[in-house]
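A short worksheet on the structure shown next.
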Ligand SMILES: Nc1ncnc2c1ncn2[C@@H]1O[C@H](COP(=O)(O)OP(=O)(O)OP(=O)(O)O)[C@@H](O)[C@H]1O
Ligand SMILES: [Mg+2]
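Residue numbers (the UniProt record's numbering), protein chains in the order written: chain A, 1 to 247; chain B, 1 to 257.
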């Protein structure tokens with residue numbers, strides 16, 4: 001049974017259709033990326049899955065249970081780290097678990113240590129660099145009890161170096177603590193490097209246009225982005241995306 | 001300490017200059033003391049009449065602290081209620097602004113008619129001047145939480161209560177403290193005004209007695225006391241703020257220095 005199943009989801013704002021019959025699914029422990037042009041409705045899709053807005057039509061189910069409009073069923077990481085400035089890093093990463101009423105202090109401490117944030121445990125977010133803040137935000141989602149993590153362009157605000165560092169870090173952490181991940185990005189390379197599967201959304205209204213299975217073996221090394229196979233995939237995805245905006 | 005000195009030398013030197021000009025001109029022009037006493041004489045009077053005003057001072061301090069505490073708790077409570085019940089907010093917010101347009105000088109005698117000369121009308125006056133800045137500041141703080149943080153809380157399934165205590169309340173703290181600072185200085189003014197209405201003790205009483213008998217020097221002593229009290233109250237709130245809000249970026253301060 002798939003972890004998350006989205007079935008013919010539609011959503012309009014003020015008569016303007018943003019999502020139209022979006023259908024896809026995520027298997028347990030699968031890493032799926034969603035690629036789509038800016039403004040195509042990716043964040044809207046997350047808001048629907050997260051239950052803070054209701055779809056006009058369609059079904060969202062998690063582990064076979066319908067979660068339309070039900071909050072608290074996924075773990076979410078917004079585009080900005082959105083760490084709470086008055087909480088220390090340790091208190092911040094515990095927030096998701098705290099809301100669900102399942103705080104596990106030793107696990108949080110261990111996780112921070114693994115992420116190289118041990119010495120920042122009692123620091124406040126503004127004392128951390130952008131990359132470190134993103135790491136803390138991701139650990140916060142990992143420590144939340146929900147089985148599916150949704151990340152909305154988590155690395156788009158980072159510079160190129162930090163970004164590729166963060167991608168590798170994310171993969172290494174994820175290999176150890178497997179979860180289902182739904183990852184939104186603008187960046188084709190990022191999607192190829194990270195995902196098991198890529199879903200491409202069309203523009204206005206958004207619809208699933210194509211799906212690519214990405215077969216690179218794990219653990220993945222940075223060097224694969226230079227291989228012939230990677231470039232072939234990149235071209236194929238690029239063409240698929242471009243065909244849309246050209247139309 | 002050094003920072004205080006670096007930041008403070010400008011206003012302090014202006015004050016000193018003012019006193020010097022005042023002192024010199026009151027000597028040159030031979031201004032009578034009952035009209036405008038020179039600062040040196042006020043300074044002497046401050047020490048000389050300490051036994052006369054110490055009990056007045058204590059009474060004003062008690063009154064303003066009590067009024068401040070009541071006013072600020074009322075202000076916070078009102079803000080929380082209005083924030084959590086949007087309908088209430090829509091209804092009462094305009095009325096609250098109207099309440100600030102009633103001149104205290106007009107309201108005060110009415111309060112005496114209704115509540116007598118006791119403590120009640122005085123506390124009501126101080127509460128009236130204190131609660132408003134706190135309520136407005138807190139309401140703004142509650143509302144202006146970042147949308148990303150709010151999305152996070154909602155997605156995580158946080159209840160209204162959790163959103164309030166974990167996000168809105170801490171987020172409003174810096175803004176609440178700005179309100180508290182304003183309220184702190186207002187509370188002293190409010191206390192003095194309420195004492196004018198009729199009280200046995202207090203700086204307000206001391207001031208009225210002094211001015212009605214043309215002891216102008218003592219009026220200036222009273223003004224000095226009011227200013228020092230306001231500054232002390234303000235300083236106490238700033239101190240509390242520094243203790244309680246450690247998470248704020250310090251970058252801004254460094255840039256200003
Ligand atoms: N609450 C709303 N009310 C009205 N229109 C909305 C609302 N939320 C989103 N939209 C519209 O829906 C469309 C998709 O928005 P969305 O934020 O989902 O795009 P996106 O794919 O996440 O874009 P980006 O990649 O830039 O983040 C936009 O045209 C936007 O104007
Ligand atoms: Mg978006």
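All C-beta atoms, glycine included, are put in the ideal place defined by N, C-alpha and C.
Per the Cβ contact rule, the region 15-24 of chain A is in contact with the region 200-210 of chain A (3 or more Cβ pairs under 8 Å). DSSP, read as helix, strand or coil, puts residue 157 of chain A in coil. The beta-carbon of residue 144 of chain A is placed less than 8 Å from the nearest beta-carbon of chain B. Taking a C-beta distance under 8 Å as the contact criterion, residue 194 of chain B and residue 66 of chain B do not qualify as a contact pair. The count of Cβ pairs closer than 8 Å, one atom from the region 145-163 of chain B and one from the region 70-82 of chain A, reaches three, so the stretches are in contact. Nearest to residue 98 of chain B by C-alpha distance, out of B:80, B:60, B:129, B:119, is B:129.
For residue 113 of chain B, the enclosing alpha helix (DSSP H) has its first and last residue at 104-115. Sequence-ordered contacts of the region 142-165 of chain B with chain A read 146, 148, 149, 151, 152, 153, 154, 155, 156, 157, 158, 162 [C-beta pairs closer than 8 Å]. In terms of Cβ geometry, residue 31 of chain A and residue 195 of chain A form a close pair [threshold 8 Å].
Cβ neighbours of residue 140 of chain B within its own chain (closer than 6 Å, five residues either side excluded): 175.
A distance of 8 Å or more separates the beta carbons of residue 182 of chain A and residue 233 of chain A. When the alpha-carbon of residue 85 of chain B is set against those of B:113, B:237, B:164, the nearest one is in B:164. Straight through space, the alpha carbons of residue 37 of chain B and residue 209 of chain B are spaced by roughly 17 Å.
With a threshold of 8 Å between beta carbons, residue 86 of chain B makes no contact with chain A. Membership of residue 87 of chain A in any alpha helix (DSSP H) is not indicated, and neither H nor E is assigned to it by DSSP. The beta carbon of residue 126 of chain A lies closer than 7 Å to those of 85 in the same chain, with the five residues before and after it left out. Closer than 7 Å to some heavy atom of ligand 2: that describes the Cβ of residue 152 of chain A. Across the structure, residue 237 of chain B and residue 183 of chain B are spaced so that their CA atoms are roughly 10 Å apart. When C-alpha distances from residue 131 of chain B are compared across B:34, B:248, B:6, B:187, the shortest belongs to B:187. The alpha helix (DSSP H) runs of length 4 or more contained entirely in the region 170-249 of chain B are, from start to end of the chain, 203-212, 216-244.
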